[in-house]
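Enquirer:
2 protein chains.
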Amino acid sequence: MTNIKEIAARAGVSPSTVSRVLNGNGYVSEDKKRRVLAASEELDYAPNLNAVSLKRGATRRIGLVAPMFDESVQRFTGGFVRAAQAGGYSVTLFITGMDRVREREALEALRHKQVDALALVIFANDLSLIESYAKYGPIVAWQRVVAEHIPSVFMNQYDGYMLGLEHLYSRGYRRICNVYGSTSRLNTVSRMDAYRDFCAAHGLDEHELEHFYEISTIEDGERIARLWTESPRRPDAFIAANDYSAAGLVAEARRLGLSVPGDFAVCGFDNLEFARLLDLTTIHYPVDLQAGNAFAIIRGRIEDIELPLRPLQFHLVQRATT
Amino acid sequence: MTNIKEIAARAGVSPSTVSRVLNGNGYVSEDKKRRVLAASEELDYAPNLNAVSLKRGATRRIGLVAPMFDESVQRFTGGFVRAAQAGGYSVTLFITGMDRVREREALEALRHKQVDALALVIFANDLSLIESYAKYGPIVAWQRVVAEHIPSVFMNQYDGYMLGLEHLYSRGYRRICNVYGSTSRLNTVSRMDAYRDFCAAHGLDEHELEHFYEISTIEDGERIARLWTESPRRPDAFIAANDYSAAGLVAEARRLGLSVPGDFAVCGFDNLEFARLLDLTTIHYPVDLQAGNAFAIIRGRIEDIELPLRPLQFHLVQRATT
DNA sequence: TTGTACGCGTTATCAA
DNA sequence: TTGATAACGCGTACAA
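Protein sequences, first through last, are from chains A and B.
One gets our numbering by counting positions in the first sequence from 1 and adding 1 to each.
One gets our numbering by counting positions in the second sequence from 1 and adding 1 to each.
1) Excluding the 5 residues preceding and the 5 following Val-14/B in the sequence, name in chain order all residues of the same chain whose CB lies nearer than 8 Å to its CB.
2) Where does Ser-183/B land, buried or exposed, given buried means 16+ other C-beta within 10 angstroms?
3) Where does Thr-78/A sit, in a helix, a strand or coil, going by DSSP?
4) Between the Cα of Val-122/A and the Cα atoms of Ile-5/A, Gly-161/A, Gln-75/A and Gly-204/A, which residue gives the shortest distance?
5) Note down the Cα distance separating Arg-145/B from Leu-128/B, rounded to an integer number of angstroms.
6) Near Leu-164/A, which residues of its chain fall below 7 Å by C-beta distance, leaving aside the five closest residues on each side in sequence?
7) Going by other Cβ atoms of all chains shown within 10 Å of its Cβ, with 16 needed for buried, is Ser-54/A buried or exposed?
8) Just to confirm the assignment, what range does the alpha helix (DSSP H) spanning Phe-239/A have?
9) Along the region 27-59 of chain A, where does the CB come closer than 8 Å to a CB of chain B? Name the residues.
10) Is the separation between the beta-carbon of His-208/B and that of Tyr-170/B shorter than 8 Å?
11) Smallest Cα separation from Asn-126/A: which of Arg-105/A, Glu-109/A, Val-141/A and Glu-220/A?
12) Comparing C-alpha positions only, which one of Ala-226/B, Ala-266/B, Leu-108/B and Arg-112/B sits nearest to Leu-44/A?
13) Closest Cβ-Cβ distance between Val-122/A and chain B: below 8 Å?
14) Once you ignore the five residues that flank Arg-172/A on each side, which residues in its own chain have a CB closer than 6 Å to its CB?
15) Alpha carbon to alpha carbon, what distance is there between Pro-16/B and Gly-27/B?
16) Please give me, in chain order, every unbroken run of the alpha helix (DSSP H) with length at least 4 that falls completely inside the region 218-278 of chain A.
17) Under three-state DSSP, which class holds Val-141/B?
18) Quick one: which unbroken beta strand (DSSP E) runs of 3-plus residues sit fully inside the region 42-74 of chain B? Chain order, please.
19) Helix or strand or just coil, what does DSSP make of Ala-120/A?
20) By DSSP, does His-285/A sit in helix, in strand, or in coil?
21) Could you name the residues of chain B that Gly-79/A contacts, counting a contact when the two beta carbons are closer than 8 Å?
22) Counting only runs of 4+ residues fully inside the region 148-182 of chain B, write out the alpha helix (DSSP H) ranges in chain order.
23) Can you pull the chain A neighbours of His-285/B, defined as C-beta to C-beta under 8 Å?
24) Let's see if you can read the secondary structure: which residues bound the beta strand (DSSP E) around Leu-94/B?
25) What do you reckon, are the CB atoms on Gly-64/A and Leu-119/A nearer than 8 Å?
26) Quick one: which residues of the region 222-235 of chain B get their C-beta closer than 9 Å to a C-beta of chain A? List them in chain order.
27) Flag Thr-93/A as yes if its beta-carbon sits less than 8 Å from any beta-carbon of chain B, otherwise no.
28) Determine the contact status of Gly-394/A and Ala-241/A, defining contact as a CB-CB distance below 8 Å.
29) Using a Cβ-Cβ distance cut-off of 8 Å, determine whether Gln-319/A contacts chain B.
30) Determine, using beta carbons only, whether Ile-225/A and Tyr-181/A come nearer to each other than 8 Å.
31) Closer than 8 Å, CB to CB, is Glu-274/B near chain A or not?
32) If we count the other Cβ atoms within 10 Å of its Cβ and call it buried at 16 or more, is Ala-87/A buried or exposed?
33) Apply the 10 Å Cβ neighbour rule to Ile-131/B and answer buried if 16 or more other Cβ atoms are within range, or exposed otherwise.
34) Does His-168/A come within less than 8 Å of chain B when only Cβ atoms are used?
35) Determine whether the Cβ of Ile-219/A lies closer than 8 Å to any Cβ atom of chain B.
36) Contact criterion: CB-CB distance below 8 Å. Does Val-82/A meet it with respect to chain B?
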């Protein structure tokens with residue numbers, strides 16, 4: 002459309018003067034300043050950001066890479082975008098569906114200077130591949146990761162899980178069944194550690210009950226509720242890896258005419274929106290602050306400044322299922 | 002980093018030949034083609050997309066503008082990003098919080114050529130302002146809108162609402178209370194039209210019961226459930242503008258020891274994830290297809306081609322609350 | 001089939 | 001305080 006040259010002509014100055022006025026750099030006489038401003042007003046001028054990005058070698062744009070869009074990811078995304086916008090950055094979204102090729106396209110976007118940095122929610126490719134892209138720009142992860150050049154804003158789930166376990170204990174439950182997620186995830190390992198320590202601390206036998214593994218969906222939770230009715234050694238409480246499985250458990254139990262927490266208690270994890278609807282006790286953690294920290298780390302690296310990170314804490318939300 | 006010139010030097014050809022090889026334009030001898038490819042491999046070359054965008058005058062990037070991130074918006078976003086990615090576009094997210102200034106920043110991004118087009122989920126500014134930006138690039142809306150240059154992928158809620166009303170009627174409910182959303186929204190007007198026609202068709206008195214207006218949240222729904230218990234003229238069914246208020250109604254009713262649908266039936270709208278957990282009867286509509294259509298319209302305008310749109314249909318999901 | 005030269009719209013350096 | 005000029009990296013018209 003209209004460019005800096007045209008408004009220079011119109012104002013009777015050189016393009017460089019226009020640039021100076023618009024960016025507030027260098028000295029410009031009041032008179033010319035006024036004329037430039039007037040001209041750019043009249044011509045409906047807007048700087049072409051592609052040219053600016055090319056010149057500056059930076060886009061002030063960050064790529065956010067997520068496998069999909071469940072409520073947790075959505076919260077992270079919302080928090081991240083808000084923080085980024087407040088800091089003068091915009092966010093381009095890459096949804097991978099855990100497909101390695103799609104994920105790689107996002108990494109390539111960094112290499113191609115489409116974005117200045119990447120925030121990875123959860124990734125599918127090998128860590129070594131991710132790391133190999135760190136030389137093109139800052140990369141941070143939400144997922145727990147141990148890598149020199151890939152900082153992570155994860156929270157140690159050990160603490161959150163322990164909070165849930167201790168809560169169940171204090172409510173009198175002694176036969177607690179763990180509903181774990183994917184055992185290959187470090188978060189799950191932390192949870193298992195927490196349970197072991199918990200049992201040791203209270204003199205419980207951690208092998209008394211059978212636990213569940215690789216559980217993540219509502220359907221999984223529903224299945225567990227049905228299994229409970231036929232189980233010979235029934236737990237008096239379940240603690241789940243996320244609210245989806247916990248909610249499935251609660252919902253199906255109620256359909257079966259069981260009472261929660263009369264027949265068994267349920268403690269979830271994540272404090273998703275529907276947890277409130279089901280009166281589900283759960284563990285809350287500040288996803289939006291995690292996202293804010295992720296942005297702060299990225300921004301710190303891009304602008305080479307030291308930005309403070311917010312401390313993160315788990316928080317028990319007690320409702321009616323315990 | 003490394004640019005087209007360097008790899009030209011390395012391959013012993015001119016920059017234009019490199020460009021031709023990389024873009025598959027024009028004739029290049031097999032020999033030089035190989036050398037160029039080899040050189041760009043060795044030097045880890047990646048075209049700078051800012052330069053390409055500047056040169057082409059287009060970014061292949063679309064802005065998605067949403068007030069926030071509830072589940073409906075999340076679905077639209079997911080569908081839109083997937084469609085865009087499949088079409089070779091990327092999506093930059095603008096979250097406005099219904100703040101007019103923030104929203105305007107997204108519009109400005111179009112003017113500044115940061116994006117080629119905009120998809121507006123729901124907007125806060127006057128339609129006339131939105132329209133004034135249409136000259137900078139295609140703009141489509143999810144929200145129902147009547148404007149010459151702003152196509153919309155809305156679905157006429159009249160049909161969906163009627164589906165719910167007829168369903169309730171067929172299940173024997175005759176005292177149906179409407180739980181409307183914001184009366185300033187065209188969707189709500191459509192719903193009121195549907196109810197009027199529904200009453201006329203079945204010889205019901207549309208003024209027999211008091212209806213609710215400006216209802217949108219879980220808390221609103223909970224409040225309505227409590228009001229029901231004290232109401233002199235009790236409805237035997239509620240039909241809500243969205244699943245949030247419907248879910249609040251159901252959840253609070255159950256807390257109060259009421260039976261749904263024993264005491265009253267509830268039909269929601271949107272078929273959000275938690276509807277299944279609460280066994281809520283609701284109206285489903287294909288948000289992802291709407292998003293796909295939104296992208297198709299945008300792409301059609303950008304590339305000046307005719308793209309087919311998927312037909313959209315409402316669908317009753319009967320569960321246990323009716 | 002290939003190379004030269006210019007332009008996309010900015011910003012920054014330098015000399016005046 | 002100002003303007004000419006170069007440079008960011010690429011694509012392409014044109015000439016050869």
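Quick reminder that beta carbons are idealized off the backbone N, C-alpha and C, glycines included.
Treat the numbers as computed from the prediction; the structure is a model and nothing was measured.
Expert: Let me spell this out:
1) Lys-33, Arg-36 and Val-37
2) exposed
3) helix
4) Gln-75/A
5) 11 Å
6) Ile-284, Phe-315 and Leu-317
7) buried
8) Note, Phe-239/A: premise wrong, no alpha helix (DSSP H); beta strand (DSSP E) at 238-241.
9) Ala-47, Pro-48, Asn-49, Leu-50, Asn-51, Ala-52, Ser-54 and Leu-55
10) no
11) Arg-105/A
12) Arg-112/B
13) no
14) Thr-323
15) 14 Å
16) 219-231, 244-256 and 274-278
17) strand
18) 62-67
19) strand
20) strand
21) Met-69, Phe-70 and Ile-96
22) 158-171
23) Simply none; closest approach about 17 Å.
24) 91-96
25) yes
26) none
27) yes
28) No statement about residue 394/A is possible, as the shown extent of chain A runs from 2 to 323 and does not include it.
29) no
30) no
31) yes
32) exposed
33) buried
34) no
35) yes
36) yes
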